[in-house]
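These protein sequences, in sequence, are chains C and P. For the first sequence, the numbering used here gives the first residue as 1, with consecutive numbering after it. For the second sequence, the numbering used here gives the first residue as 1001, with consecutive numbering after it. All residues carry an ideal CB built from backbone N, CA and C; glycine is no exception. Data block below; observations after.
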Amino acid sequence: MEHTSLLERILRGIALALVVIFFMFPIVWILMMSFQTNETILRIPPQLVFEPTLANYTALITGKLMTAAGTLDIAFMRNLWNSVFLSVTSVAVALLLGVPAAYAFARHKFRGSEDIAFTLLSFRFAPALLVLLPLTLYFQKLGLANTYIGLIWVYQLICLPLILWIVRGYFEDIPADIEYAYRIAGHSWFATFRKIALPLAGPGIAAAGLLAFIFAWNNFVFALVLASADKQPVTVGALAFITSSGIQYGQISAAIVLSITPTLALALYAQRYLVEGLSLGAVKG
Amino acid sequence: MASLELRNIVKRYKSQTVLDDLSLTVADGETLVLFGPSGAGKTVLLRLVAGVIDPDEGKILIGGEDMTDLDAEFRGVGMAFQNFALFPHMTAFDNIATPLQAKHSSQGTITTGVESVAKLLKIGHVLSHKPRALSNGQKQRTALARALVGSPPVLLLDDPLRNVDAKLRFEMRLELPRLLADRGATVIYVTQDYKEAMALGDRIAVMSQGVVKQLGTPEQIYREPANVEIARLFGDPTINLLDVKPSRDAKGIYVGLSNVQVHLAGAHEAAVGRDCVIGLRPEALAFVDEGTPGAIPVTVEAETPLNEKIVTLVRTVRGREILVSRPSGTPGQSEGRAHIAVDSKSAVLFDRASGERIGSKNVVNLRSGEAA
Chain C
1 MEHTSLLERI LRGIALALVV IFFMFPIVWI LMMSFQTNET ILRIPPQLVF EPTLANYTAL
61 ITGKLMTAAG TLDIAFMRNL WNSVFLSVTS VAVALLLGVP AAYAFARHKF RGSEDIAFTL
121 LSFRFAPALL VLLPLTLYFQ KLGLANTYIG LIWVYQLICL PLILWIVRGY FEDIPADIEY
181 AYRIAGHSWF ATFRKIALPL AGPGIAAAGL LAFIFAWNNF VFALVLASAD KQPVTVGALA
241 FITSSGIQYG QISAAIVLSI TPTLALALYA QRYLVEGLSL GAVKG
Chain P
1001 MASLELRNIV KRYKSQTVLD DLSLTVADGE TLVLFGPSGA GKTVLLRLVA GVIDPDEGKI
1061 LIGGEDMTDL DAEFRGVGMA FQNFALFPHM TAFDNIATPL QAKHSSQGTI TTGVESVAKL
1121 LKIGHVLSHK PRALSNGQKQ RTALARALVG SPPVLLLDDP LRNVDAKLRF EMRLELPRLL
1181 ADRGATVIYV TQDYKEAMAL GDRIAVMSQG VVKQLGTPEQ IYREPANVEI ARLFGDPTIN
1241 LLDVKPSRDA KGIYVGLSNV QVHLAGAHEA AVGRDCVIGL RPEALAFVDE GTPGAIPVTV
1301 EAETPLNEKI VTLVRTVRGR EILVSRPSGT PGQSEGRAHI AVDSKSAVLF DRASGERIGS
1361 KNVVNLRSGE AA
């Protein structure tokens, strides 16, 4: 008994270590790369000890990329700002539209409600590349190509279904009796939505909003096709580091570190809500 | 204040009919208890009155006014839910205050109103707590306070004592009638506990499968149950039900119990010669000395003292088991052979096939629940 449990513990330790190394290695490696020059990065064999440099970060922040072929202007900070703006606005719009819709789907069974809800979800099934070509043509006709509004609109394909379906589940978890009790007390349905349903589904709405934010932030292909340089988010902007004189691994790493920092910080901050919100019902107890 | 009238209410869920052409009138200030097994449609009925669900057919009148198409917030009813349905993110004070806030009362009025009803229900000391921090009894009182605070003319109480412990249930059973009478409100009270029904109801409506099977005072329901099912639901220990075939002789109508002819008082003409079930309340049976007219010989099987009363299980010579209940301290027999006699005035006869009461002159079988 003792023997097996010890063996078990050792095996579990090894397994856990493997998992941690597997998941953390790329991030740690990127963090290390971001403090190195291209030469030290490309050294064979790779070295764990190096002289750290902040050159990559300075290049990104000043927007001047030094390559062997000369100085190159990059718009990384602009891309970062675009990412923040597009993601925040998209999630805000999706929350504004999605939360009331989720409430309607959760509380009112009307003709075709399931079909509409499912259609909205099905936006997530369609491969983005399949949608993109017709979308590009439409957007050019409508004058929405290369505009923030157009991009935010397309980002609803990502955010809206996510928020709608997660938040709907939360509204459904609120016992109907609690809302009935508020109605019977003499309040309108809108007051009930605002004072009872919204606060009780709060953690779920926060979790859904955060997930939607991460998805929007990580999107690449919509912005690649539908936006030009000055509207592109970091995901697309990172392509600029593949220059004629080689791939700038150091700057790419620094760019990755900078671009995952906001989502990472947000996720760490909201981790409690995420785990609680996604696993537990909102109104237990 | 306001009377309440339901006219030919029909409610269906998909193909299932939950309430089937139900009509019911509750007089101003009356407490009507809806009693019945789960699934009888009691809660649905309350919700229809409250206005949170709509009937498929029929009308709901409160104080003579047609409220059928009015939303819940305009009906002016108070309701306490079986599962309390407190707002988990608000303190007990805010929970209770919601009906007053809806009326846009001033802060002072709200505070006074909440505090007085909280004092009445003895929860003044926990007003600042959230529902999570309240005991079940306190939750139940908070829910009740929320229903009472606006002094609604119609009060709907959906089995409010279901989820509280036995001691509190007993206390509340004593307190509630006075509380409700003081308010003067018209009350519909749903319960599955016959003692609660008997203690609280001016009248009791016994529901089963979406219809009112019997409507009457607690006394009527107990003495003259409309069918075997209702007879069985009321009373503890349960009523003795024995198969008999009444006959007639010179002295009147009698039934044979263990070869003893027991003559029945009351009008039972219609039962003569039919296959019947006789209902004998355990407290209508008593131990008697051998030789007493109508004494039935039995063997005592077991005795259960229940503090205020003693319940004895006896077996007749034909092997039928009968429960006899007597107050503690009265003479009886705890073992061996004994004799029992029947207080035949309280006997009720049911048709064996249908289970319906026979020859009931003052009990009307109320399919639609018109007043008897």
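For P/R1357 and P/V1363, the rounded distance between their alpha carbons:
Position 363 of the second sequence holds residue 1363 of chain P. Position 357 of the second sequence holds residue 1357 of chain P. For P/V1363, the pLDDT reaches just 41, beneath the cut-off of 50, and the residue's location in the model is therefore unreliable, leaving the point undetermined.
Selection of the region 160-189 of chain C by Cβ proximity to chain P, strictly under 9 Å
P175, A176, D177, I178, E179, Y180, A181, Y182, R183, I184, A185, G186, H187, S188, W189
Among residues of its own chain, excluding the 5 on either side of P/V1260, which ones have a beta-carbon nearer than 6 Å to its beta-carbon?
Here the question's residue 1260 of chain P lines up with position 260 in the second sequence. Excluding positions up to five away in sequence, the list reads I1296.
Per DSSP, what are the beta-bridge partners of P/C1276 in this structure?
Within the second sequence, numbered from 1, the residue matching residue 1276 of chain P stands at position 276. Note: P/C1276 sits in a beta bridge opposite P/V1244, P/D1351.
Does P/E1170 have its Cβ less than 8 Å from a Cβ in chain C?
In the second sequence, counting from the first residue as 1, residue 1170 of chain P sits at position 170. According to the sequence provided, residue 1170 of chain P is Phe. The question's Glu does not apply to it. By this cut-off, P/F1170 is not an interface position.
Is the Cβ of P/A1092 closer than 8 Å to any Cβ of chain C?
For the purposes of this step, residue 1092 of chain P is taken as residue 92 along the second sequence, with counting starting at 1. No, no contact with chain C.
Locate the alpha helix (DSSP H) running through C/E208, then write down its first and last residues.
Start at 1 with the first residue of the first sequence, and residue 208 of chain C comes out as number 208. The question names Glu, yet the displayed sequence has Ala at residue 208 of chain C. Its alpha helix (DSSP H) spans residues 198-218.
Within 10 Å of its beta-carbon, does C/T40 have 16 or more other beta-carbons around it, so buried, or fewer, so exposed?
Within the first sequence, the letter at position 40 stands for residue 40 of chain C. Looking at its Cβ environment, which holds 16 or more other Cβ atoms inside 10 Å, C/T40 is buried.
Got a sec? Which residues, its chain only, sit under 7 Å from P/K1059 by beta carbon, not counting five neighbours each side?
Numbered from its first residue, the second sequence carries residue 1059 of chain P at position 59. Excluding positions up to five away in sequence, the list reads R1007, D1066, T1068.
Beta-carbon proximity list for P/A1097, same chain, < 7 Å, skipping 5 on both sides
As a first step, residue 1097 of chain P must be located in the second sequence, where it is residue number 97. The residues are I1110, V1114.
Residues in the region 1087-1111 of chain P having any Cβ partner in chain C nearer than 7 Å:
F1087, P1088, H1089, T1098, P1099, A1102, K1103
Check the Cβ of C/L200 against every Cβ in chain P and list those closer than 9 Å, keeping chain order.
Counted from its first residue, the first sequence places residue 200 of chain C at position 200. Result: F1087, P1088, H1089.
Nearest to C/P199 by CA position, among C/I214, C/V167, C/R272, is which residue?
For the purposes of this step, residue 199 of chain C is taken as the residue at position 199 of the first sequence. Here the closest residue by C-alpha is C/V167.
Output, in chain order, the set of chain C residues within a Cβ distance shorter than 8 Å of P/F1234.
Translated into positions along the second sequence, residue 1234 of chain P becomes position 234. The contacting residues do not exist; P/F1234 stays about 29 Å from chain C at best.
Out of curiosity, what's the CA-to-CA distance linking C/L95 and C/R183?
Here residue 95 of chain C corresponds to residue number 95 of the first sequence, with the count starting at 1. Here residue 183 of chain C corresponds to residue number 183 of the first sequence, with the count starting at 1. Using only the alpha carbons, I get a separation of about 25 Å.
Determine contact between the region 1279-1289 of chain P and the region 1325-1344 of chain P, defined as no fewer than three beta-carbon pairs at a distance below 8 Å.
yes
I need the DSSP call for P/E1196, collapsed to helix, strand or coil.
Within the second sequence, the letter at position 196 stands for residue 1196 of chain P. It is helical.
Measuring CB to CB, does C/A314 end up less than 8 Å from C/C159?
No answer is possible for residue 314 of chain C: the residues shown for chain C start at 1 and end at 285.
Taking Cβ-Cβ distances shorter than 9 Å, what residues in chain C pair up with P/V1077?
On the second sequence, residue 1077 of chain P is found 77 positions in, with the first residue counted as 1. Neighbours of P/V1077 on chain C, chain order: I184.
Where P/L1323 and P/D1165 are concerned, what is the direct C-alpha to C-alpha distance, given to the nearest angstrom?
Within the second sequence, numbered from 1, the residue matching residue 1323 of chain P stands at position 323. Within the second sequence, numbered from 1, the residue matching residue 1165 of chain P stands at position 165. Straight-line Cα distance between these residues: approximately 28 Å.
Can you tell me which of C/L226, C/M32, C/K64 puts its alpha carbon nearest to the alpha carbon of C/E51?
Within the first sequence, numbered from 1, the residue matching residue 51 of chain C stands at position 51. If we check each option's Cα against that of C/E51, C/M32 comes out closest.
Alpha carbon to alpha carbon, how far is P/A1302 from P/E1335? Give it in angstroms, no decimals.
Within the second sequence, the letter at position 335 stands for residue 1335 of chain P. Within the second sequence, the letter at position 302 stands for residue 1302 of chain P. If I take the Cα positions, the gap works out to 7 Å.
Cα separation between C/G281 and C/I116?
Position 281 of the first sequence, counted from the start, is the residue given in the question as residue 281 of chain C. Position 116 of the first sequence, counted from the start, is the residue given in the question as residue 116 of chain C. Any reading at C/G281 needs caution, since the residue's pLDDT is 44, under 50, leaving its predicted position unreliable; the model's value is listed next. Whole-angstrom Cα-Cα distance: 25 Å.
Closest Cα partner of C/G204 within the set C/L164, C/F110, C/L264:
As a working mapping, residue 204 of chain C is identified with position 204 in the first sequence. When each option's Cα is compared against that of C/G204, the closest is C/L164.
Counting only C-beta atoms, is C/I10 closer than 8 Å to chain P at any point?
Position 10 of the first sequence holds residue 10 of chain C. Output row for C/I10: interface = no.
Under 8 Å between the Cβ atoms of C/L60 and C/F35?
To locate residue 60 of chain C, count along the first sequence from 1; it is residue 60. To locate residue 35 of chain C, count along the first sequence from 1; it is residue 35. Cβ atoms of C/L60 and C/F35: not closer than 8 Å.
State the start and end residues of the unbroken beta strand (DSSP E) segment that holds C/A92.
To locate residue 92 of chain C, count along the first sequence from 1; it is residue 92. It is not in any beta strand (DSSP E) - C/A92 instead sits in the alpha helix (DSSP H) that spans 76-107.
Nonlocal neighbours in the same chain, by C-beta distance under 8 Å from P/R1012, ignoring five residues either side:
What you label residue 1012 of chain P is simply residue 12 of the second sequence in a count that begins at 1. Contacts found: V1018, D1056.
Is it buried or exposed for C/I29, if we count other Cβ within 10 angstroms and need 16 for buried?
Position 29 of the first sequence, counted from the start, is the residue given in the question as residue 29 of chain C. According to the sequence provided, residue 29 of chain C is Trp. The question's Ile does not apply to it. Result: exposed.
With 16 as the cutoff for other CB atoms within 10 Å, does P/T1031 come out buried or exposed?
On the second sequence, residue 1031 of chain P is found 31 positions in, with the first residue counted as 1. It counts as buried.
Once DSSP output is grouped into helix, strand and coil, what is the label at P/K1103?
The residue labelled residue 1103 of chain P in the question sits at position 103 within the second sequence. In the structure shown, P/K1103 sits in coil (DSSP, three-state: anything other than H, G, I, E or B).
Give the straight-line distance between the Cα atoms of P/L1004 and P/A1145, rounded to the nearest whole angstrom.
Position 4 of the second sequence holds residue 1004 of chain P. Position 145 of the second sequence holds residue 1145 of chain P. Rounded to the nearest angstrom, the two C-alpha atoms are 22 Å apart.
Could you spell out the range, first to last residue, of the beta strand (DSSP E) harbouring P/Q1214?
Taking the first residue of the second sequence as 1, we reach residue 1214 of chain P at position 214. Run containing P/Q1214: 1211-1216, per the beta strand (DSSP E) assignment.
CB-CB length for P/G1029 against P/G1184, believed under 8 Å:
Residue numbering aside, residue 1029 of chain P sits at position 29 when the second sequence is read from its first letter. Residue numbering aside, residue 1184 of chain P sits at position 184 when the second sequence is read from its first letter. At roughly 5 Å, the Cβ-Cβ gap stays under 8 Å, so P/G1029 and P/G1184 are in contact.
Would you call the region 1204-1220 of chain P and the region 1172-1184 of chain P touching, i.e. three or more CB-CB distances under 8 Å?
no
Suppose you measure from the CA of C/A240 to the CA of C/L129; what does that come to, to the nearest Å?
Taking the first sequence and counting its residues from 1, the one referred to as residue 240 of chain C is at position 240. Taking the first sequence and counting its residues from 1, the one referred to as residue 129 of chain C is at position 129. Rounded to whole angstroms, C/A240 to C/L129 spans 22 Å at the Cα level.
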